[in-house]
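Reading the sequence shown from the start, the letters are residues 2 to 206 in this note's numbering.
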Amino acid sequence: GTPEAVEAAKLPRVSVLRYSGEQGRGGAIKLGVSRAKYDAILMVHADMKLPDGWDVRLEERLAAGDTVLTFFAFGVNLEDDDIPEGVAAKLRSTAMTVNLRSRYLWLPYGDQALAIRKEMLEELGGVPDIPLMEDFVLVCRARAHALRRGLRLRCVDGPAALCSPRRWLKLKVWKVTIINWVVSFAHMILRVPPATLAGWYYGKH
2 GTPEAVEAAK LPRVSVLRYS GEQGRGGAIK LGVSRAKYDA ILMVHADMKL PDGWDVRLEE
62 RLAAGDTVLT FFAFGVNLED DDIPEGVAAK LRSTAMTVNL RSRYLWLPYG DQALAIRKEM
122 LEELGGVPDI PLMEDFVLVC RARAHALRRG LRLRCVDGPA ALCSPRRWLK LKVWKVTIIN
182 WVVSFAHMIL RVPPATLAGW YYGKH
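Written out as structure tokens, the structure is:
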């Protein structure tokens, strides 16, 4: 996901932006959005793998008049690593739980490749310029907007977007799950500032 790696890949029609701010991923995404030339904004992590035909299905979802924000089904890439079957089973279970939460509670996270029209993103206040939980804050804004206006957050039809398993392999599935729960609880209920959460969260990684 480094600028050097992207440049080395020589991806067509991809501009590499170097972000030197201290606001973490939120600031980096905000910079990217400010330079975007098209109406549809897709926020995807560099280590994710999108399914074939993702662009056509994504455009179909965004074209629906009642759509505020879209997201892909969540999956973990289990093909590129020698992952024990026991761990793979836990990751599949995690994916199932994430998909139930995102589809029925409208609470997808950033590792599901969030997409939104630029005009709608601006109406929601833009990408939160915070070092952690920027995806969660944006989704909560989109969800509240949809509920007020009778609109929807929609999952893109078809195969899942695959997330890298390296974080779970490094820290173990149960530990990553607990960390995510604690961070979400601290942010939503205890109102811990994102900068404080980021210092703790990334320090654990």
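A virtual CB, placed ideally from N, CA and C, is assigned to each residue, including glycine. From a predicted model like this one, the values you see are computed outputs, not experimental measurements.
Query                                                                                                                                           : Result
Given a threshold of 16 other Cβ atoms within 10 Å of its Cβ, counted over all protein chains shown, does Y202 qualify as buried or as exposed? : buried
For F75 and F186, I'd like the C-alpha separation in whole angstroms.                                                                           : 21 Å
So, are the CB atoms of L198 and M121 less than 8 Å apart?                                                                                      : no
Measure the Cβ-Cβ separation of H46 and G151 and say whether it is below 8 Å.                                                                   : no
With DSSP collapsed to three states, give me the class of H206.                                                                                 : Low per-residue confidence applies at H206: pLDDT is 46, beneath 50, and the placement is therefore not dependable, though the value from the model is reported in the following sentence. The answer is coil: DSSP assigns H206 none of H, G, I, E or B.
Have a look at the DSSP bridge pairing and note the partners of G76.                                                                            : L163
Check this for me: beta carbons of Q155 and A65, under 8 Å apart or not?                                                                        : For clarity, residue 155 is Arg in the given sequence; the question names Gln instead. Contact flag set, yes.
Less than 6 Å between C-beta atoms, sequence neighbours within five positions excluded: which residues of the same chain meet that for L59?     : A116, V157
Would you decide whether P195 is buried or exposed? Buried here means 16 or more other CB atoms lie within 10 Å of its CB.                      : buried
First and last residue of the beta strand (DSSP E) that includes R19?                                                                           : Element bounds for R19: n/a, residue is neither H nor E.
Around the C-beta of M44, are 16 or more other C-beta atoms found within 10 angstroms, so that it is buried, or is it exposed?                  : buried
Do the segment 135-147 and the segment 97-108 touch if we need at least three Cβ pairs shorter than 8 Å?                                        : yes
Can you name the start and end residues of the beta strand (DSSP E) that I42 belongs to?                                                        : 41-44
Given that a residue counts as buried once 16 or more other Cβ atoms are within 10 Å of its Cβ, and exposed if not, what is V57?                : exposed
Do V88 and C164 have their C-beta atoms within less than 8 Å of each other?                                                                     : no
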